[in-house]
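Sequence positions in the sequence shown follow UniProt numbering and run 1 to 338.
See structure below.
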Amino acid sequence: MMSSRVVKRNDTANAISGEVATQLASIEEDRAVEETHEGNSAEESYDAEKVDRSQDGAPGDSTSVTLEGDNGGSYFPWREELESLVRGGVPIALRGEMWQAFVGVGARKITGYYNKLLDERTDVLDEKDLKDQVVNEQKSSPKKDPKPEKWKGQIEKDLPRTFPGHPALDEDGRNALRRLLTAYARHNPSVGYCQAMNFFAGLFLLFMPEENAFWALVGVIDEYFEGYYTEEMIESQVDQLVLEDVVRERFPKLAKHTDILGVQVTWVTGPWFLSIFINMLPWESVLRVWDVILFEGNRTMLFRTTLALLDLYGPALVTTKDAGDAITLLQSLAGSTF
């Protein structure tokens, strides 16, 4: 297997200005058209089946965007305009291309790498081939594999759980999802596969072609959430410790109350972070959170969203009488807010 990993964002700084300028020019044109046809626009839905899937020409294969450090202002002249767009919500028709630009799909892509990962085994083509492979393996002697792909069974369990009923994830869509998750697990054996990744991959597949979705997933897990989904989950634990400190600092009354009840807020916020709020927030809100995370290239939005929820529901939380009530209310916060 190739050992090539992600291309760092600062290695692609020189290419970003022209790409984002093109995207913004397109946005301005779209806005002008909308203004001349005011009143004709149908309600904008965040149902992913309405996304323009005619992106197979590798659109948006641009470099990633960062707001951190000196890089943010030195090579990115459209920073303020694009940030304003992201804060207001990326237009549904542009979301796929913009996400690819934010993550830097084009800069990350290594020709032939995705297919090479899939060619390492022959059991990731489709559901029928997979079933035939299982039958054949049961009839034959076990293969000598120093690194058995233990994650394959979990992927199969999670495929039908990924946005069930969504038309984009029919049989062909599930096969694409299987290939994408398999390729990533082989690309990064230290992570392999863990639950929640199926939703990330499925989300990307709703907005971009399969191979581009793979490189977007690489960017998110290998870079933005590096160390989050390893077996030790070190970075995830660190984030929860940081969040706990921030909650105690900003909401001392709430922290004292949960201490008395024997409740840790991080019991609930941990899954929020690990899922990046997918299935925790309404669909429109999830997409808005992802817009910002992919644009900023870090996890800060997870903290901001969580703190906003606690700020909004803090008064109700401090009135809970026991641990069960507190946990129930905490678990309901995300889904009942937006």
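From the three backbone atoms N, C-alpha and C, an ideal C-beta is built for every residue, glycine too.
- Item | Cutoff 6 Å; reference Glu211; Cβ partners in own chain excluding five residues on either side | Tyr114
- Going along the chain, which unbroken runs of the beta strand (DSSP E) with 3 or more residues stay wholly within the region 249-276? none
- Query: Which residue's Cα is closest to the Cα of Asn175: Phe225, Leu118, Ala216?
  - Reply: Leu118
- Message: Pull the bridge partners of Val238 from the DSSP assignment, please.
- Response: Note: Val238 sits in no beta bridge, so no partner.
- Item | Outcome for Ile276 when other beta-carbon atoms lying within 10 angstroms are tallied against a minimum of 16 | buried
- Message: Quick check on Trp78: does DSSP put it in helix, strand or coil?
- Response: coil
- Taking just the CA atoms, how far does Gly104 sit from Asp311? 34 Å
- Query: Around the C-beta of Pro164, are 16 or more other C-beta atoms found within 10 angstroms, so that it is buried, or is it exposed?
  - Reply: exposed
- Just the C-alpha distance for Val90 and Tyr228, rounded to the nearest angstrom, thanks. 26 Å
- Which same chain residues, not among the five before or five after Ala213, have their C-beta less than 7 Å away from its C-beta? Leu180, Ala201, Phe204, Leu205
- Query: The alpha helix (DSSP H) spanning residue 368 covers which residue range?
  - Reply: A question about residue 368 goes unanswered here, because the residues of the chain that appear run from 1 up to 338.
- Item | Spatial distance of Met280 from Gly112 (CA atoms) | 36 Å
- Message: What residue range does the alpha helix (DSSP H) around Met208 cover?
- Response: No alpha helix (DSSP H) holds Met208; DSSP gives it neither H nor E.
- Message: So, for Leu177: in the same chain, excluding its five sequence neighbours on each side, which residues have a beta-carbon less than 8 Å away from its beta-carbon?
- Response: Leu159, Thr162, Leu169, Asn198, Ala201, Gly202, Leu205
- Which stretch, first to last residue, makes up the alpha helix (DSSP H) that contains Phe303? 300-317
- Buried or exposed: Ala316, going by 16 or more other Cβ atoms within 10 Å of its Cβ? exposed
- State the DSSP-derived secondary structure class of Val191, mapped to helix, strand or coil. coil
- Query: Would you report the Cα separation of Gly69 and Asn298, rounded to the nearest angstrom?
  - Reply: Residue placement at Gly69 cannot be trusted, given a pLDDT of 34 that sits under 50; what the coordinates show is reported in the next sentence. Answer to the nearest angstrom: the Cα atoms are 12 Å apart.
- Since I believe Glu120 is in contact with Arg186 (beta carbons under 8 Å), could you give me their beta-carbon distance rounded to a whole number of angstroms? 6 Å
- Tyr224 by DSSP, collapsed to three states: which one? helix
- Message: Looking at the secondary structure, which residues open and close the alpha helix (DSSP H) in which Glu156 lies?
- Response: 152-158
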